[in-house]
Structures are given as C-alpha cells and as structure tokens.
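Enquirer: Take a look at the following structure, please.
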Amino acid sequence: MLKPEEVRKVASLARLELTPDEEGQFATQLNDILTYIEQLNQLDTTDVLPTTRAIDGSNITRGDHLTPYASPRLILEGAPEPEGEFFRVPKIGGE
C-alpha cells in the first residue's frame, strides 16, 4: 500500500500539483495497478519464449514506392506560402 508521502513524491517527479482529494484518488489507482503487477509477477513464465509483441505479424502496410506526381505546381498552388519549389512552414522549437 502506497503511503501519502510516496504519492506526493511520484506527483512531484511527474510535475503534478495534486489536491488532497486527488492524492487519495491516485493512491487508490496506483495501489490497484501495483496489485495487478504483483499478480503478473506470480505467473509462471518458465516455458514462455521472450517476444517483443503479443502477435506474430509482418509489415501489413503498403510498400514504399516513389510515384511522380503529374503536376507538382498544382500542389504548391494550394500551399499558404509556397517558396519556389518548396513549402514554407513555420519554425518549430524557438528561434
């Protein structure tokens, strides 16, 4: 069972400001999660092969093929701020 101090510590690490009611709510939810994890830890996985996914599968998306467009100019005409042969886009992440 998580203590209130532990819930406040987790909230602080996550940069969350919790009310006392929220601390209680999160304590209950986190304890439920930890109980479930403990149940999983009790399972015997001795004969289970390691895997990276639950279902074996292959890439089901279409192939990545270059297909020239008949009129790139038409695409650029729809852009808010075309610049020559390119799209002008706003900067991301500051100056």
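In terms of our numbering, the sequence shown opens at residue 3 and continues consecutively.
Even for Gly, the Cβ is constructed at its ideal location relative to N, Cα and C.
Fair warning: this is a prediction, and the values are worked out from it, not measured in the lab.
1) Could you give the residue range of the alpha helix (DSSP H) that holds A29?
2) If you count every other CB in all the chains shown that lies within 10 Å of the CB of A81, and 16 or more means buried, which is it?
3) Buried or exposed, going by whether 16 or more other CB atoms sit within 10 Å of the CB of A72?
4) Ignore the nearest five residues each way along the sequence and tell me which others in F28's own chain have a CB closer than 6 Å to its CB.
5) Using DSSP with H/G/I as helix, E/B as strand and the rest coil, what is P6?
Expert: Inspection of the coordinates gives the following:
1) As a working note, residue 29 is residue 27 in the sequence shown. Segment P22 to N43, the alpha helix (DSSP H) holding A29.
2) Reading the sequence shown from its first residue, position 79 is the one you call residue 81. With fewer than 16 Cβ atoms within 10 Å of its Cβ, A81 is classed as exposed.
3) On the sequence shown, position 70 is the one that residue 72 refers to. Exposed, because fewer than 16 other Cβ atoms sit within 10 Å of the Cβ of A72.
4) To locate residue 28, count along the sequence shown from 1; it is residue 26. Answer for F28: V9, listed in chain order.
5) Against the sequence shown, residue 6 aligns to sequence position 4. DSSP places P6 in helix when its eight states are reduced to three.
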